[in-house]
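K.L.:
Before I ask anything, let me first share the structure, which is written out below as C-alpha cells.
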Amino acid sequence: MLRFILLASFCMTCVTSVYGGTPIAVPDTMAERVKACTICHGAEDKVGRDAYYPRIAGKPQGYLVNQLRNFRDGRRYYQPMAILLENMSDEYLYEIAQYFSSLRLPYPAPEQIPMQSEEIELAEHLIYVGYPGRNIPACSACHGDVLMGIEPAIPGLLGLPRAYITAQLGGWRNGGSMRGQVPDCMSEIAKQLTDAEVNAIAKWLANQSASGEPRPFSTLLPELVHRCSQNIMANGSKE
Amino acid sequence: MRRLAIKYHISHYQFDVLLLACMVSLLFFSITQVSDVVAEEPDRSIEVQHGAYLARVGNCMGCHTTKGGQPFAGGRRLSTSFGIFVTPNITSDKETGIGLWNQQDFWQALHQGKSSDGRSLYPAFPYTEYTKVTRQDANAIFAYLQSIPPISQSNPPNDIFFPYNLKPLLAIWRILYFKEGVYEPDQSRSDAWNRGAYLVQGLGHCNACHTTRNMLGASQDDTLAGGQIMGMNWYAPSLSSYQEAGSGDWAIEEIVELLTTGITKRAVASGPMATVIKQSLQYLSQEDINGMAIYLKSFTENEGGNTPGVRFLVMSGSLQKHLDFGGQLYEKHCQTCHGSDGKGVPGIYPALADNRSVMMSSPLNPIRSVLNGGYPPTTAGNPRPYGMPPFQQILRNEEVALVVSYIRNAWGNRSSLVTAVDVDRSKGRN
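From first to last, the protein sequence lines stand for chains A and B. 759 is the number of the first residue of the first sequence in the numbering used here; add one for each residue after it. 231 is the number of the first residue of the second sequence in the numbering used here; add one for each residue after it.
Given below as C-alpha cells:
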C-alpha cells in the first residue's frame, strides 16, 4: 500500500493539471521547486535587486549545505528561511545546494564606494598578507587567490554587496544570534577584526568585479584544512 | 571575606547535591535491582524495537530534542502562555537523564504525570493524552529509551510565569482537568477503529493541538474540536467538524495519503502539522495509519455531503470591487502556481478552490501561508516537495488582507473577509 502511495505521488509530480481553467504545466525541475527561494535570491535579471539578499548561485555546494543546515537548525538565524527549511530532510537540502551551486549567472556590476588610500592599503594587507602575529592568515589563503572560494566549503568573497559583508562579519563579531553560534575558523578571525578593518574590507571587496572560478581543494594549505576542519568535514559530505 | 562566603556557599551546595545524588542513586539502585528481576524477558530486542516504533508514534524525540541537537537529550524550549518549558533529558544518562529510573517511575510519568521524585509535571508534557497508553507499550518505550546511548546534557530549568509557577495551582488543575486512565476499547466498534482511537487519543496526542483550550490551558473536550495552538500563531482545525478538517467524505486511502505524505489533491499539511508528519506519522505501519484514518473519518462520516452553513452571502457592488483588488494581486503573484481557476496542480500546488483550510472561520492559517510561505514536509512519499514563497517582504498588510479575502471568496468559496489588523495579528511567533 505504501508503495502504491509512493508510486502514485511520484507519478503525480510528472503530471500536468488537465482539468478546468488554464492548465498549468509544472516542470519537474529544481528551478520550479526552489521558486520559494528565488523570490529573494533573485535568479536572472533579479540578481542584486535587493542589496541585502546574498547571491547564492555558484557558491561551493558544501558551503551551501552547511548554511542551509545552520538556518534550519538554528545555528544561523533568519526566520523567513528557517520557516521554509524547517521540515526538509538533509538529502533535500543537499540537492537544493547542488542546484544553486551549479548555476552560472552573471555577477552584478561592482559597487563604487569611494575609499581613502589608507583604507585601500589596510584592506589589501588583510586580504593578501594577513597578520600572522594576530593569527590572521591572508583572506586569500582560504578564500582562494582570486577570492572566488575554495571547494567544497569555502565561499567566494566577490560579488557580495557591502551591506551583506558587513552584516556577516558583524554577526560573527557579536557572537550573536545571526551567525556563528558555534565557533569556527572564520568566526575566530572575524572576532579579531576592528571596526575600521571591517569597514575597509567590506568596501574593498564590494568594489571588485567578480570573475574566475573557485579553486580546487588541493590549493588549501594543510594547516588551514586542519583549522577549518569543522566546516570542511562536517558539511561537505552528504549524510 | 565576600569571596570566602561565596566559595563556602558553592562547596556547601555541591556537597548537598552530591549527598542527594548518592541518596537518590542508592534508592534507585535498590529499586532497579528488584524490578530488573521482574522485567527480565527473553525478547528484549523485540521489545526495544517495538518501543522505538512507539516512541515515533508519540514523537517523543520531537519535543525532547533541540533543533540540531542530540536526540532525546532535551533542551527544547516550548513557549506557552504560561511560561517557557524546557524539555528534560530522557536519555539513559544517569546524572542528567533518566538512566536511574525504573519501569515504575516511567509509568508514573507517562500515566500519571509525575516525575520519579513525585513532583507533578506540567501538562506541556502531554501526559493528559499519554495516560491512555497501555502498561505494556509504556514498558516497551522505556526499554527503548534505556537502550539508546546516554547523553550527558543538563538543561536549564522551566521559566514559568506567576501564578502558574505555584504548585498548588498545578494540583488544582490536575484535579479539574486530568483524567487518568488507559484507553478502553469500544466493543461496538471494529478492531481497526479501536486501534485508531487508541493511537489518536493516546500516543499520537493529536488533542494536544487540535483542541480549544480554556484560560488555564486545559483542553475543553476530547473530540478534536480544533483551536489555536497555545504559544503558537497557528490554528489547528477541528477534526470532528465537516467545515474544518473532518474527513467524513474522504476515502480512507486519501486520509492515509495526507497523513503519510503530507499532501493530497485537496489538502496539504503546513507548519506544525507538517512537522508531525515528517517526524512521526510517515513512519506508522500500514495497519496503524489505516486505523487512524478509519477513526478520524468516523467523526464526520454521517455528515458527508452537507453543504457547510453560513457560507452564503450576496455580494454588494462595493464588496465586489474590494475583492477585485485582491483578484488583481492574485493574478500577479499567485496564479502561476495555484491557477486562474484556483485548482492548483494535484500533489504539487494545492487547490485553493473548495479548500477547507482556506475557508475556515479562523483566517489565521491562510494569512500565515501568504506571509511566510512554506514547504510540505519531505517524506518518503513526497521527498522533493515544491514550495510556496513568502510574501511578507513584498506585500503590505492591506494587500495580504485583500488577496486572502479574495481567495476566501473566489471560485465558489465563501468565507469572512480579512482585515489588515488580522494580518498584523498573525505575524511573529512560530
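The C-beta atom is built at its ideal place from N, Cα and C for all residues, glycine as well.
1) Under the rule that 16 or more other beta-carbon atoms within 10 Å means buried, what is His984(A), buried or exposed?
2) Between which two residues does the alpha helix (DSSP H) harbouring Val823(A) extend?
3) I need the DSSP call for Phe408(B), collapsed to helix, strand or coil.
4) Return the chain-ordered list of same chain residues with a C-beta closer than 8 Å to the C-beta of His901(A), the five sequence neighbours on each side being excluded.
5) According to DSSP, is Val904(A) helix, strand or coil?
6) Grab me the residues of Ser546(B)'s own chain with a C-beta within less than 7 Å of its C-beta, minus the 5 sequence neighbours each way, in chain order.
7) State the start and end residues of the unbroken alpha helix (DSSP H) segment that holds Ser377(B).
8) Measuring only between beta-carbons, confirm whether Leu590(B) sits less than 8 Å from chain A.
9) I'd like to know whether the C-beta of Ile814(A) is nearer than 8 Å to at least one C-beta of chain B.
10) 8 Å is my cut-off, CB to CB: does Thr977(A) come that close to chain B?
11) Residues of chain A with CB under 7 Å from Pro596(B), in chain order?
12) Taking 8 Å as the threshold (C-beta atoms), are Glu359(B) and Gln431(B) in contact?
13) Which of helix, strand or coil does DSSP assign to Ile308(B)?
14) Give me the Cα-Cα distance between Glu882(A) and Gln509(B), rounded to the nearest whole angstrom.
15) Asn424(B) and Gly304(B) look like a contact to me (Cβ under 8 Å); what is the Cβ gap, rounded to whole Å?
16) Are the Cβ atoms of Val956(A) and Thr924(A) separated by less than 8 Å?
17) Where does Asn385(B) sit, in a helix, a strand or coil, going by DSSP?
18) Measuring alpha carbon to alpha carbon, tell me which residue in Tyr428(B), Tyr513(B), Leu330(B) and Lys573(B) is nearest Ala497(B).
19) Since I believe Ile885(A) is in contact with Arg896(A) (beta carbons under 8 Å), could you give me their beta-carbon distance rounded to a whole number of angstroms?
20) With 16 other CB atoms within 10 Å as the buried threshold, where does Gly820(A) fall?
21) Since Phe315(B) is in the beta strand (DSSP E), which residue starts that stretch and which ends it?
22) From the DSSP secondary-structure annotation, give me the bridge partner or partners of Ile1029(A).
23) So that I know if they touch, is there some Cβ in chain B lying closer than 8 Å to that of Ser847(A)?
24) Can you check which of these residues, Ser515(B), Leu351(B) and Ser645(B), is closest to Lys591(B) by C-alpha distance?
25) Helix, strand or coil for Gly575(B)? Go by DSSP, reduced to three states.
26) Closest to Pro318(B) by CA distance: which of Phe355(B), Asp347(B), Trp337(B) and Ala285(B) is it?
27) What is the rounded straight-line gap between the Cα of Leu863(A) and the Cα of Lys527(B)?
28) Whose CA, out of Pro467(B), Arg404(B), Pro607(B) and Ile276(B), lies closest to the CA of Ala373(B)?
29) Under the three-state reduction of DSSP, which class applies to Ser599(B): helix, strand or coil?
30) According to the Cβ coordinates, are Tyr413(B) and Lys495(B) closer than 8 Å?
31) Give the range of the alpha helix (DSSP H) segment to which Glu277(B) is assigned.
32) At a CB distance below 9 Å, what residues from the segment 556-579 of chain B approach chain A? Give them in sequence order.
33) Around the Cβ of Thr817(A), are there at least 16 other Cβ atoms within 10 angstroms (buried) or fewer (exposed)?
34) Answer with yes or no whether the minimum CB distance from Lys996(A) to chain B is below 8 Å.
35) Would you report the Cα separation of Lys961(A) and Gln870(A), rounded to the nearest angstrom?
36) I need the DSSP call for Arg973(A), collapsed to helix, strand or coil.
P.N.:
On the basis of the coordinates in this document:
1) Exposure of His984(A) is indicated by the presence of fewer than 16 other C-beta atoms within 10 angstroms of its C-beta.
2) Note, Val823(A): alpha helix (DSSP H), Gln819 to Arg830.
3) It is coil, neither helix nor strand.
4) Within the same chain, Cβ atoms closer than 8 Å to the Cβ of His901(A) are found at Gly907, Ile908, Ile912, Pro913, Gly914 and Leu915, the five residues on either side in sequence being excluded.
5) Val904(A) falls in the coil class under three-state DSSP.
6) Result list for Ser546(B): empty, nothing under 7 Å.
7) From DSSP, the alpha helix (DSSP H) with Ser377(B) extends over Arg365 to Ser377.
8) Inspection of the sequence shows that residue 590(B) is occupied by Met rather than by Leu. For Met590(B), the closest Cβ of chain A is not nearer than 8 Å.
9) So, not an interface residue.
10) No, its Cβ sits nowhere closer than 8 Å to a Cβ of chain B.
11) Contact of Pro596(B) with chain A by beta-carbon distance below 7 Å is absent, the smallest such distance being about 15 Å.
12) Their beta carbons are under 8 Å apart, which means Gln431(B) touches Glu359(B) by this criterion.
13) Per the sequence shown, the amino acid found at residue 308(B) is Leu instead of Ile. Of the three classes helix, strand and coil, the one that applies to Leu308(B) here is strand, per DSSP.
14) Looking at the two C-alpha atoms, the distance is approximately 49 Å.
15) So it is not a contact: roughly 33 Å between Cβ atoms.
16) Contact flag set, yes.
17) Asn385(B) carries a coil assignment under DSSP once its states are collapsed to helix, strand and coil.
18) For the residues Tyr428(B), Tyr513(B), Leu330(B) and Lys573(B), the minimum Cα distance to Ala497(B) belongs to Lys573(B).
19) Sequence check: residue 896(A) is Ala here, not Arg. About 6 Å separates the beta carbons of Ala896(A) and Ile885(A), which is inside the 8 Å limit, making them a contact pair.
20) So Gly820(A) counts as buried.
21) Counted as a single uninterrupted DSSP element, the beta strand (DSSP E) harbouring Phe315(B) occupies residues Gly313 to Val316.
22) One cannot answer for residue 1029(A) here, as it falls past the ends of chain A, which runs 759 to 997.
23) Yes - at least one Cβ of chain B is within 8 Å of the one on Ser847(A).
24) Looking at the sequence itself, residue 591(B) is Ser, so the reference to Lys does not match. For Ser591(B), the closest alpha carbon among the candidates Ser515(B), Leu351(B) and Ser645(B) is that of Ser645(B).
25) Correcting the residue identity first, residue 575(B) is Val in this sequence and not Gly. Val575(B) sits in a strand when the DSSP states are folded into three classes.
26) For the residues Phe355(B), Asp347(B), Trp337(B) and Ala285(B), the minimum Cα distance to Pro318(B) belongs to Phe355(B).
27) In this structure, the CA atom of Leu863(A) is about 50 Å from the CA atom of Lys527(B).
28) Distance from the Cα of Ala373(B) is smallest, within the candidate group Pro467(B), Arg404(B), Pro607(B) and Ile276(B), for Ile276(B).
29) When DSSP states are grouped into helix, strand and coil, Ser599(B) belongs to the helix group.
30) It is not a contact, given that the beta carbons lie outside the stated cut-off.
31) Counting along the chain, the alpha helix (DSSP H) containing Glu277(B) begins and ends at Arg274 to Gly288.
32) Cβ contacts with chain A: Gln565, Thr566, Cys567, His568, Gly569, Ser570, Asp571, Gly572, Lys573, Gly574, Val575, Pro576, Gly577, Ile578 and Tyr579.
33) In the sequence as presented, Thr is not what sits at residue 817(A); that position holds Lys. By the 16-neighbour rule on beta-carbons within 10 angstroms, Lys817(A) is buried.
34) Residue placement at Lys996(A) is flagged as unreliable, the pLDDT there being 35, under the threshold of 50; the coordinate-derived value follows with that caveat. At a cut-off of 8 Å between beta-carbon atoms, Lys996(A) makes no contact with chain B.
35) For the pair Lys961(A) and Gln870(A), the Cα-to-Cα distance works out to about 9 Å.
36) It is a strand residue.
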